[in-house]
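At position 184 of the sequence shown the residue is numbered 184 (the UniProt record's numbering), and the sequence of numbers has no breaks. In what follows, a structure is listed as structure tokens, so that the remarks can point back to it.
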Amino acid sequence: MLAQQRQQAILDRVRASGGVRVADLVREFGVSDMTIRRDLEVLAERGLLEKVHGGATAAGPGSTEEPGFAAKSVRQQAEKEAIARRAALLVRPGTAVALSAGTTTWTLARLLVDVPELTVITNSIRIAEVFHRSPRADRTVILTGGVRTPSDALVGPVAVAAIRGLHVDTLFLGVHGMSPRAGFTTPNLLEAETDRALVASAHRLVVPADHSKWGTVGISTIAALSEAHVIISDPGLPEDAREELSAQAGELVIAGPEEESRVAER
Numbered sequence: 001m002l003a004q005q006r007q008q009a010i011l012d013r014v015r016a017s018g019g020v021r022v023a024d025l026v027r028e029f030g031v032s033d034m035t036i037r038r039d040l041e042v043l044a045e046r047g048l049l050e051k052v053h054g055g056a057t058a059a060g061p062g063s064t065e066e067p068g069f070a071a072k073s074v075r076q077q078a079e080k081e082a083i084a085r086r087a088a089l090l091v092r093p094g095t096a097v098a099l100s101a102g103t104t105t106w107t108l109a110r111l112l113v114d115v116p117e118l119t120v121i122t123n124s125i126r127i128a129e130v131f132h133r134s135p136r137a138d139r140t141v142i143l144t145g146g147v148r149t150p151s152d153a154l155v156g157p158v159a160v161a162a163i164r165g166l167h168v169d170t171l172f173l174g175v176h177g178m179s180p181r182a183g184f185t186t187p188n189l190l191e192a193e194t195d196r197a198l199v200a201s202a203h204r205l206v207v208p209a210d211h212s213k214w215g216t217v218g219i220s221t222i223a224a225l226s227e228a229h230v231i232i233s234d235p236g237l238p239e240d241a242r243e244e245l246s247a248q249a250g251e252l253v254i255a256g257p258e259e260e261s262r263v264a265e266r
């Protein structure tokens with residue numbers, strides 16, 4: 001097997017499983033430890049994977065990489081739906097809520113269309129469309145202006161000006177990533193500024209974020225983990241993440257089939 005073919009096979013295995021061990025690759029391909037390490041070095045230099053002690057893992061996204069709405073909407077769908085169902089329990093009739101842009105908050109919006117006397121503030125075109133398609137005479141929807149991002153958020157000075165002076169009971173904040181060091185982050189600088197204005201407007205901050213967001217870091221911080229009153233995630237969240245988030249945030253809620261069953265029984 002040529003080096004190029006072997007490297008492609010290694011890359012395929014990394015993408016399929018998320019990581020590989022040097023020892024396993026040595027046995028599989030029947031080559032020396034040095035040869036495999038050289039292959040990993042070549043692939044790492046091209047940015048196709050990340051070398052770690054004893055092997056390699058899939059390359060993480062860049063801090064400014066911003067997938068479009070369509071690409072994000074098909075990721076972790078079951079988890080997002082469970083998270084959204086749990087988040088919807090926090091919304092009472094007659095309150096004012098803000099929903100920032102994101103596919104999880106968009107999933108939540110579809111569960112709120114029947115809540116009476118609701119005031120909704122959002123910088124998401126997609127979320128505004130959800131409420132527009134299911135009109136209610138007793139509901140008010142405020143869509144900020146601003147510059148449109150790849151994720152269909154409206155951001156920038158116009159959006160920030162629209163949000164300033166508003167006061168909402170609860171903000172449901174969609175995030176690109178969360179980590180102990182960087183907190184809740186986004187890959188878009190203008191979106192971070194807009195989201196920070198939303199955080200400042202809210203009495204309660206709720207972050208619905210599936211497990212894939214843990215350890216992902218965007219270029220700009222929106223808020224520290226400790227600023228969240230409630231974080232709602234799913235059973236795929238690693239144990240170390242649960243410990244960190246439980247210690248930092250007001251409350252960590254794990255939303256999955258078992259948890260939903262317990263809620264229903266109450």
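All C-beta atoms in this analysis are idealised placements derived from N, C-alpha and C, irrespective of residue type, glycine included. Quick caveat, the model's predicted, so the values are computed rather than measured.
- Straight through space, the alpha carbons of ALA101 and ARG126 are spaced by roughly 8 Å.
- If you compare the alpha carbons of ASN188, VAL206 and SER220 with that of LEU252, the shortest gap goes to VAL206.
- The beta carbons of VAL97 and PHE172 sit about 7 Å from each other, so the pair counts as a contact at 8 Å.
- For ASP234, the closest alpha carbon among the candidates ALA209, PRO150, SER220 and LEU245 is that of ALA209.
- Contact holds between the stretch 186–195 and the stretch 158–170, because three or more Cβ pairs, one in each stretch, are under 8 Å apart.
- For VAL26, the enclosing alpha helix (DSSP H) has its first and last residue at 22–29.
- Exposed is the label assigned to LEU89, since fewer than 16 other Cβ atoms lie within 10 Å of its Cβ.
- Sequence-distant Cβ neighbours of LEU166 in its own chain, meaning closer than 7 Å and more than five residues away, are ILE121 and SER201.
- Relative to the Cα of GLY256, the nearest Cα in the group THR186, LEU111, GLN76 and ARG164 belongs to GLN76.
- DSSP places VAL14 within a helical segment (H, G or I) once states are collapsed to three.
- In chain order, ALA84, ARG85 and ALA88 place their CB closer than 7 Å to the CB of LEU111, counting only its own chain and leaving out the 5 sequence neighbours on each side.
- The DSSP-derived three-state label of ALA249 is coil.
- In the three-state DSSP reduction, GLU50 falls in the strand class (E or B).
- With contacts defined as CB atoms closer than 9 Å, VAL130 and ALA109 qualify as a contacting pair.
- In the DSSP assignment, MET178 falls outside any alpha helix (DSSP H) and lies within the beta strand (DSSP E) extending over 177–179.
- If you keep only unbroken beta strand (DSSP E) runs of at least 3 residues inside the stretch 199–259, you get 202–208, 220–223, 230–233 and 252–254.
- By the C-beta density criterion, MET34 is exposed, having fewer than 16 other C-beta atoms within 10 angstroms.
- Under the three-pair Cβ rule at 8 Å, the stretch 34–48 does not count as touching the stretch 172–187.
- In the same chain as VAL42, and ignoring 5 residues on each side of it, the C-beta atoms closer than 7 Å to its own belong to GLN7, in chain order.
- Distance from the CA atom of THR140 to the CA atom of VAL113, rounded to whole angstroms, is 11 Å.
- Contact check for ASP169 against HIS203 passes: the beta carbons are separated by less than 9 Å.
- In the structure shown, the three-state DSSP call for ASP169 is strand.
- Our two residues, ARG136 and TRP106, have alpha carbons roughly 18 Å apart in a direct line.
- Assignment of THR103 by DSSP, reduced to helix, strand and coil, places it in the helix class.
- Nearest to THR95 by C-alpha distance, out of GLU117, ALA249 and THR104, is GLU117.
- C-alpha of PRO187 to C-alpha of LYS213: approximately 12 Å in a straight line.
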